[in-house]
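Novice: Quick one: the structure is below, questions incoming.
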Amino acid sequence: MSESAQYDDAVRTFSGVGVSAGRVIGAVKRMPDPVAPPADGAPIADGMSIEEESERLKQATQAVAATLKERASKATGDAAAVLKATALMASDRSLLKSATKLVASGTSAESALWEAADAVATQLAALGGYMAERATDVLDVRSRIVAELRGVPAPGIPDADEPFVLWAVDLAPADTATLDPAKVLALVTSDGGPQSHTAIIARSLGLPAIVAATETTALVDGDVVFVDGINGEVVRNPGEAEALLAEAYASRVELPAFDGDGRLADGHLVPLLSNVGSGEDAVAAAEAGAQGVGLLRTEFCFLGRDKEPGHDEQVAAYKAVFDAFGGRKVVVRTLDAGADKPLPFLTDDSEPNPALGVRGYRCDTATPGVLGRQLAAIAEAAESSEADVWTMAPMISTPAEAARFAAMCAEAGLKTPGVMVEVPSAAVLARQLTAEVDFASIGTNDLTQYTMAADRQLGALAELNDPWQPAVLHLIKATADGGAAAGGDGSPKPVGVCGEAAADPALAVVLVGLGVATLSMNRRALPAVAAILKTVSMDDARRIATLALEAGSAAEAKAHVRAELPDLDRFGL
Ligand code: PEP
Ligand code: MG
């Protein structure tokens, strides 16, 4: 993977995929290995009495509870709540009681605790809903107590007095709540891709990050490294050149807050919208100046559920988002179940290739009814709010599917139907496809994985899974051209982008130059994208987009485009 790696012990450059901009120097701290399960029913070690083993177990649970409580007292917001809940789990009497009972019958403290926690987690999972989510806390506490009994570092984000560069194989969603951006300077992972949790967290916290840097497994605690999230490189034992780059980054010009008016230097309007996943998210996006919602991921209402949420619950959830954007545009994406978003009551987990299976819009053929009921709930929520609600379906592959979805929207009373372009066939036939609906929005995350035939969840394929790949850019252009040609009556169909590509300020310029009308992104990307768009005219954007289209690789496309946008460096982007 790393053609540029120099096999020199003193200085070594490791390549990966830069997924969040920034340049820093710091000491590495490795995420501890996950705690391996003890052998089933292992006996108490020779020479230890039952009383001594029970005492060891008690001490370990108390120590874990005390550490978590202390960390909770220093944390704020979500992190404090997660830590407090986990501390409570660690001091849970019934867990200790059942484990102690097993120790009394001769089982080692580690095995006893493992088994007892397993039973509690299984019970909680069976209860479903909120209680099922607590099962994860029990399993986390179990690992912590077993680590304490073994005298090895606790799992999860390490704690340290000095800020550090966090190295991990990959980060799990549960790690995100306890990641303190004041303590972590940058993230480097050997695994994960541009759409991995690590990448998403890093971008949302504004931390430099590199994923899929396979050879960084060689880094050890205390190694001093330069992390270049812009070029996707980690340099061990950095020298003066790296120090200068890190300094230049530290003294970058602060980005102005987004003023809610996306436009190019020549005044050409490019509305900047936000991707949201809940009512809370929508409120935060509106506060950040988003000019609307370009992608409401409705899965938030469905994921982690074992049955379909009821009509009223769905109406309330969608209305919470619409109300945050009264009078403005909110693009609702209907349920995108399957592949990376499995839903037990809708998707078939025995499919050999879930990403190529019955997912997104396709679920309506295998399980009719869910989509129709969702459209009815969206329509009712839209009816009772001021927002300008547009509705689109994910994973549309043919004009016939687009036409059928438009008919379903009309039947539900929804007035602006659209499609997501995520499958190459949809991009190639964009004119015929968009002729059936009112708009299209390109999901570059999926469009990239399907164009490059590279699973978006596989770190090993991260280099292929890059929206800078010129082949992906050609399909984006085909979609924008198709939308422009679709309105036979002279009214072109607008084409937006709502995948992660829109959040990359350099790529945003390319997208606009390719003919994309609106960009929708994580709200934290709004200031950077807005600031860079303001530095180019439409003619510049078109010229820069051509450079990217003509490149032979993602790296070449990115380098040619970045060379045209000097303000990226000024803002440290
Ligand atoms: C996409 O595929 O680009 C997209 C926006 O949808 P998701 O990431 O939710 O699949
Ligand atoms: Mg998608």
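Take 36 as the starting number for the sequence shown in our numbering and just add one per residue. All C-beta atoms in this analysis are idealised placements derived from N, C-alpha and C, irrespective of residue type, glycine included. Treat the numbers as computed from the prediction; the structure is a model and nothing was measured.
(1) Would you mind giving the Cβ-Cβ distance between R605 and V288, rounded to the nearest angstrom? I have them listed as a contact below 8 Å.
(2) How would you write the range of the alpha helix (DSSP H) that F440 sits in, first residue to last?
(3) If you count every other CB in all the chains shown that lies within 10 Å of the CB of F440, and 16 or more means buried, which is it?
(4) Under the assumption that V532 contacts A580 (Cβ atoms under 8 Å), give the Cβ distance between them as a whole number of angstroms.
(5) With H, G and I counted as helix, E and B as strand and the rest as coil, what does DSSP make of E38?
(6) Does any CB atom of chain D fall closer than 8 Å to the CB of A442?
(7) What does a CB cutoff of less than 7 Å around P210 pick up in its chain, not counting 5 residues either side in sequence?
(8) What are the start and end residues of the alpha helix (DSSP H) that includes D358?
(9) Using only the alpha-carbon positions, how far apart do V571 and L299 sit?
(10) Just to check my reading of the structure: G295 and S555 have Cβ atoms closer than 8 Å, yes? What is that Cβ distance to the nearest angstrom?
(11) Could you tell me which whole beta strand (DSSP E) segments of length 3 or greater appear in the region 258–338?
(12) Compare the Cα-Cα distances from F474 to each of M487, V458, M427 and report the closest residue.
(13) Compute the distance between the beta-carbons of G227 and T233, then report whether it is under 8 Å.
(14) Which full runs of the beta strand (DSSP E) of 3+ residues lie inside the region 43–100, going along the chain?
(15) Considering only DSSP beta bridges, list what F199 is partnered with.
(16) In whole angstroms, what separates the C-alpha of G404 from that of W425?
(17) With a threshold of 16 other CB atoms inside 10 Å of the CB of K11, please say whether the residue is buried or exposed.
(18) Based on Cα-Cα distance, which residue from W202, A590, I265, S239 lies nearest to V259?
(19) Using a Cβ-based criterion (distance less than 7 Å to any ligand heavy atom), does V392 qualify as near the ligand PEP?
(20) Relative to the C-alpha of E268, which residue among T333, V246, A462 is closest?
(21) Are A160 and L92 closer than 8 Å when you measure CB to CB?
(22) Could you spell out where the beta strand (DSSP E) holding A428 opens and where it closes?
(23) Who are the Cβ neighbours of C444 in its own chain at under 7 Å, not counting the five residues just before and after it?
(24) Please state if the CB of Y485 and the CB of A416 are separated by a distance shorter than 8 Å.
(25) In angstroms, rounded to a whole number, what distance separates the CA positions of Q41 and S231?
(26) Any heavy atom of the ligand MG closer than 7 Å to the beta-carbon of P229?
(27) Where does S55 land, buried or exposed, given buried means 16+ other C-beta within 10 angstroms?
(28) Around the C-beta of E38, are 16 or more other C-beta atoms found within 10 angstroms, so that it is buried, or is it exposed?
(29) Would the beta-carbon of P502 fall within 8 Å of that of T479?
(30) For the ligand MG, any of its heavy atoms closer than 7 Å to the Cβ of D490?
(31) What's the gap between the Cα of V59 and the Cα of L222?
(32) Kindly indicate the opening and closing residues of the alpha helix (DSSP H) around V507.
(33) By the DSSP assignment, the alpha helix (DSSP H) with K528 in it spans what residues?
(34) Would you check if the region 457–471 and the region 491–500 touch, i.e. whether three or more CB-CB distances between them fall below 8 Å?
(35) Under the criterion of a Cβ to heavy atom distance below 7 Å, does D205 qualify as lining the ligand PEP?
(36) Closer than 7 Å to a non-hydrogen atom of the ligand PEP - does that hold for the CB of N480?
Specialist: Reading off the structure:
(1) Position 570 of the sequence shown, counted from the start, is the residue given in the question as residue 605. Position 253 of the sequence shown, counted from the start, is the residue given in the question as residue 288. Correct: roughly 5 Å between the Cβ atoms.
(2) Indexing the sequence shown from 1 puts residue 440 at position 405. 434–447 is the span of the alpha helix (DSSP H), which, as asked, contains F440.
(3) Looking up residue 440 in the sequence shown gives position 405. Buried: at least 16 other Cβ atoms inside 10 Å.
(4) Numbered from 1 along the sequence shown, position 497 holds the residue referred to as residue 532. Numbered from 1 along the sequence shown, position 545 holds the residue referred to as residue 580. Between A580 and V532 the Cβ distance is about 13 Å, and since that is not below 8 Å, they are no contact.
(5) As a first step, residue 38 is located in the sequence shown; it is residue number 3 there, counting from the start. With a pLDDT of only 38 at E38, under the threshold of 50, the placement of this residue in the model should not be trusted; the figure read from the coordinates follows. Of the three classes helix, strand and coil, the one that applies to E38 here is coil, per DSSP.
(6) Looking at the structure shown, chain D is missing, and only one protein chain is on hand.
(7) For the purposes of this step, residue 210 is taken as the residue at position 175 of the sequence shown. The residue you asked about is not Pro; residue 210 is Asp in the sequence shown. Answer for D210: G191, I192, listed in chain order.
(8) Translated into positions along the sequence shown, residue 358 becomes position 323. It spans 346–359 - the alpha helix (DSSP H) in which D358 sits, taken as one unbroken run.
(9) One-based indexing of the sequence shown puts residue 571 at position 536. One-based indexing of the sequence shown puts residue 299 at position 264. Distance between the alpha carbons of V571 and L299 is about 6 Å.
(10) Residue numbering aside, residue 295 sits at position 260 when the sequence shown is read from its first letter. Residue numbering aside, residue 555 sits at position 520 when the sequence shown is read from its first letter. G295 to S555, Cβ: 14 Å. No contact.
(11) 259–263, 268–271, 307–311, 327–332
(12) As a first step, residue 474 must be located in the sequence shown, where it is residue number 439. For F474, the nearest C-alpha among the options comes from M427.
(13) Stepping through the sequence shown from its first residue, residue 227 is reached at position 192. Stepping through the sequence shown from its first residue, residue 233 is reached at position 198. It is a contact, given that the beta carbons lie within the stated cut-off.
(14) 47–50, 52–55, 58–65
(15) If you number the sequence shown from 1, residue 199 lands on position 164. Partner(s): V219.
(16) Taking the first residue of the sequence shown as position 1, residue 404 is located at position 369. Taking the first residue of the sequence shown as position 1, residue 425 is located at position 390. The straight-line gap from Cα to Cα measures roughly 20 Å.
(17) The requested residue 11 does not occur in the structure, where the chain is confined to residues 36 to 608.
(18) By 1-based counting over the sequence shown, the position of residue 259 is 224. The residue with the shortest Cα to Cα distance from V259 is W202.
(19) Here residue 392 refers to the residue found at position 357 when the sequence shown is read from its first residue. Before going further, note that residue 392 is Gly rather than Val in the sequence given. No.
(20) Along the sequence shown, one-based indexing puts residue 268 at 233. It is V246 whose Cα lies nearest to the Cα of E268.
(21) Translated into positions along the sequence shown, residue 160 becomes position 125. Translated into positions along the sequence shown, residue 92 becomes position 57. Result no, Cβ atoms of A160 and L92 do not sit closer than 8 Å.
(22) In the sequence shown, residue 428 corresponds to position 393, counting from 1. First-last of the beta strand (DSSP E) with A428: 423–428.
(23) Along the sequence shown, one-based indexing puts residue 444 at 409. So the qualifying residues of the chain are L410, T426, P452.
(24) To locate residue 416, count along the sequence shown from 1; it is residue 381. To locate residue 485, count along the sequence shown from 1; it is residue 450. Contact flag unset, no.
(25) Along the sequence shown, one-based indexing puts residue 41 at 6. Along the sequence shown, one-based indexing puts residue 231 at 196. Because Q41 sits at a pLDDT of 41, beneath the cut-off of 50, its placement in the model cannot be relied upon, and the point is left open.
(26) By 1-based counting over the sequence shown, the position of residue 229 is 194. Incorrect: P229 has no Cβ contact closer than 7 Å to the ligand MG.
(27) Taking the first residue of the sequence shown as 1, we reach residue 55 at position 20. It is buried - the Cβ of S55 has at least 16 other Cβ atoms within 10 Å.
(28) Stepping through the sequence shown from its first residue, residue 38 is reached at position 3. Since pLDDT at E38 reaches only 38, below the 50 mark, its modelled position is unreliable, and the value read off the structure follows with that caveat. So E38 counts as exposed.
(29) In the sequence shown, counting from the first residue as 1, residue 502 sits at position 467. In the sequence shown, counting from the first residue as 1, residue 479 sits at position 444. Yes, they are a contact pair.
(30) Residue numbering aside, residue 490 sits at position 455 when the sequence shown is read from its first letter. Flag unset: Cβ of D490 not near the ligand MG.
(31) Translated into the one-based positions of the sequence shown, residue 59 becomes position 24. Translated into the one-based positions of the sequence shown, residue 222 becomes position 187. About 11 Å.
(32) Taking the first residue of the sequence shown as 1, we reach residue 507 at position 472. Start and end: 505–521.
(33) Walking along the sequence shown from the start, residue 528 turns up at place 493. Counting along the chain, K528 falls outside any alpha helix (DSSP H), and DSSP gives it neither H nor E.
(34) no
(35) Within the sequence shown, numbered from 1, the residue matching residue 205 stands at position 170. Not so, every heavy atom of the ligand PEP lies at least 7 Å from the Cβ.
(36) Your numbering for residue 480 matches position 445 in the sequence shown. Because some heavy atom of the ligand PEP lies under 7 Å away, the Cβ of N480 counts as near it: yes.
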